[in-house]
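Be aware that the sequence shown starts at 1, since it is given in the UniProt record's numbering, and climbs by one per residue. Virtual Cβ for every residue (Gly too), placed ideally from N, Cα, C.
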Amino acid sequence: MWPQRVQRALGQVAPSLVRRLSARIVDELYIEVKPREAAKPALTFPGIWLRDNCRCASCFHESSQSRRLDWDNFDASVRPLALHVDANSQQLHVRWSDAHESSYKLDWLQRRSFAGDKQQEYLNEFYRPRPSHWAGKQFDSIAQRFHYDQVMSEDAALQQWLQALAIYGVALLSGAPLDEGVVRRLAERVGFIRRTTYGEEFIVQAKPGAQNYAYLSLPLPLHTDLPYYEYKPSVNILHCVVQTKSQGGSNLLVDAFHIADRLKREHPADFELLSSIDVDWNDIGSEDGREFHNIWRAPVICLDASGEYTRINHSVPQRDSHFNAPLEKVLPWYKAYARFVSMAQKDAHSFKTQPGDVLTFNNLRLLHGRTGYDDSEDNSRYIVGAYLDWDIIYSRLRVLKKRLNVAN
Ligand SMILES: [Zn+2]
């Protein structure tokens with residue numbers, strides 16, 4: 001009953017009505033599964049991966065969707081000994097060298113294909129939507145607006161807002177009430193507020209004796225928030241309650257992933273320096289009587305193992321005077337950083353939010369700033385802010401997509 005290669009006899013049934021299936025062991029270590037539908041390629045799976053992902057009740061705990069296989073005694077040399085395919089139930093059965101037997105459904109296997117394009121499809125759909133980088137002059141075409149009330153009451157609107165935020169790194173909501181609870185309600189619609197040294201909600205308005213540069217009415221140069229945190233807050237929510245009537249007070253936004261793309265293309269040596277030299281970012285002060293001293297070392301452009309951007313760090317005030325870089329790299333690093341900052345400034349898009357607008361953007365990707373404004377009693381600016389984390393947002397997005405049955 002366990003031949004090396006089994007193809008179920010078709011009998012008298014017309015071939016188009018039968019979902020045939022075949023499988024074979026390749027090089028003793030791999031299993032090739034061939035759905036017999038036209039145009040469906042064979043799928044190759046490493047045997048050890050299949051054994052590791054056995055779905056039986058002693059290897060997999062269904063209700064928690066977790067592996068319970070005993071890994072203390074897992075045989076990394078495990079091999080498939082015999083296969084059996086069941087075309088009616090579309091299942092593959094495997095007998096293993098460790099005397100275990102496993103069954104896998106064809107559609108489960110197909111969703112876990114090791115083919116590069118299938119893996120990319122899964123990552124774009126379920127891991128994270130693929131970011132689309134933009135130049136400042138494209139801002140009006142990429143920045144989507146959503147209605148606050150719809151986002152608060154309709155799951156489809158919530159999903160679309162978070163999806164736009166994930167792809168473009170920025171999205172706006174309109175029509176929010178002018179009370180201080182908006183950012184909390186919005187954050188709690190997604191998950192929960194990310195707390196930092198500066199509290200949960202924070203007010204951005206001119207303050208005498210400010211502990212933070214943002215709390216002055218001076219121009220605020222482009223930056224990312226809290227680069228001195230290892231676990232940096234992901235998304236800024238800025239609710240405009242009162243907007244200054246003076247010329248200034250505009251938001252500045254730049255997609256730093258786009259600037260990094262350009263730097264990589266036009267000045268690869270600068271890109272290399274900014275993505276490999278750790279910078280000391282710091283913040284010293286006190287808030288509500290609590291003293292703090294934060295330091296985190298990271299490059300300006302942070303990359304993952306496949307060379308994709310994970311985050312951008314940039315802040316003039318929050319860059320430490322301690323610069324623990326190799327002496328000979330310091331001059332070239334400054335030249336590269338000055339080029340990056342100048343490219344970003346030239347690309348910055350300027351716009352002014354109105355009372356009731358909520359600006360949301362990816363703090364790990366966009367640089368933001370503000371033009372200076374006149375602050376007086378009858379001409380003030382009052383913005384309430386909070387942060388959300390990508391872990392919470394992506395999780396919410398995956399759950400919503402499953403519920404709404406939408407793909408990217
Ligand atoms: Zn098992």
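Among the bridge pairs identified by DSSP, H239 is matched with V358, V384. Runs of the alpha helix (DSSP H) lying entirely within the segment 42-66, each at least 4 residues long, are 47-52 in chain order. Looking at the DSSP output, Q91 bridges to D86, K105. In the three-state DSSP reduction, A171 falls in the strand class (E or B).
Counting the other Cβ atoms within 10 Å of the Cβ of C54 gives 16 or more, which makes it buried. With fewer than 16 other CB atoms across the displayed protein chains lying within 10 angstroms of its CB, H61 is exposed.
Residue state for A176 is assigned as coil, using DSSP reduced to three classes.
Placement of the Cβ of S102 at a distance of less than 7 Å from at least one heavy atom of ligand 1 is found. Residue nearest to V358 within the set F271, R68, V384 is V384 (criterion: CA-CA distance).
Minimum Cα-Cα distance from A87 among the listed residues R95, D98, S342, S103 corresponds to S103. Rounded to the nearest whole angstrom, the C-alpha separation of F114 and V26 is 15 Å. Burial is judged here by how many other beta carbons sit within 10 angstroms of a residue's own beta carbon; C56 has fewer than 16 and is exposed.
Contact between S275 and I301 holds: their C-beta atoms lie close to 4 Å from each other, under 8 Å. At a Cβ-Cβ threshold of 8 Å, G169 and P131 count as neighbours. The alpha carbon of K335 has as its nearest neighbour, out of L29, Y30, G249, A269, the alpha carbon of A269. By the CB criterion at 8 Å, L158 and I393 fall outside the cutoff. In this structure, ligand 1 has no non-hydrogen atom nearer than 7 Å to the beta-carbon of S97. In terms of Cα proximity to H239, the closest of E272, W281, G181, H293 is G181. Going by C-alpha positions, A76 is about 22 Å away from A23. Look at S141: its beta carbon is at least 7 Å from all of the heavy atoms in ligand 1.
Between T360 and L165, the CB-CB gap stays under 8 Å.
For S276, the CB stays at least 7 Å from every heavy atom of ligand 1. Comparing alpha-carbon positions, the option among G116, H267, L388, D179 lying closest to D225 turns out to be L388.
In chain order, V279, W281 place their CB closer than 7 Å to the CB of R319, counting only its own chain and leaving out the 5 sequence neighbours on each side. With a cut-off of 7 Å, the C-beta of S58 is classified as near ligand 1, since at least one heavy atom of the ligand falls inside that distance. Judged by DSSP secondary structure, I259 falls within the alpha helix (DSSP H) whose first and last residues are 256-266.
In the structure shown, N282 adopts extended strand secondary structure according to DSSP, grouped into three states.
In the structure shown, the three-state DSSP call for G136 is helix. The segment 171-180 and the segment 371-381 do not touch, with fewer than 3 CB-CB distances between them shorter than 8 Å. Judged by DSSP in its simplified three-state form, I392 adopts helix.
Take K232, set aside five residues on each side of it, and the residues of its chain with a beta-carbon closer than 6 Å to its own are L226, in chain order.
Of the candidates G307, Q247, K352, the residue whose Cα lies closest to the Cα of K264 is G307. Residue ranges of uninterrupted beta strand (DSSP E) with 3 or more members, entirely inside the segment 284-369 and ordered along the chain, are 290-298, 301-303, 309-312, 349-351, 358-362. A contact is defined here as three or more CB-CB pairs under 8 Å, and the segment 246-255 meets this definition with respect to the segment 343-354.
Membership of Y229 in any beta strand (DSSP E) is not indicated, and neither H nor E is assigned to it by DSSP.
Note on geometry: alpha-carbon atoms of P129 and K118 lie some 15 Å from one another.
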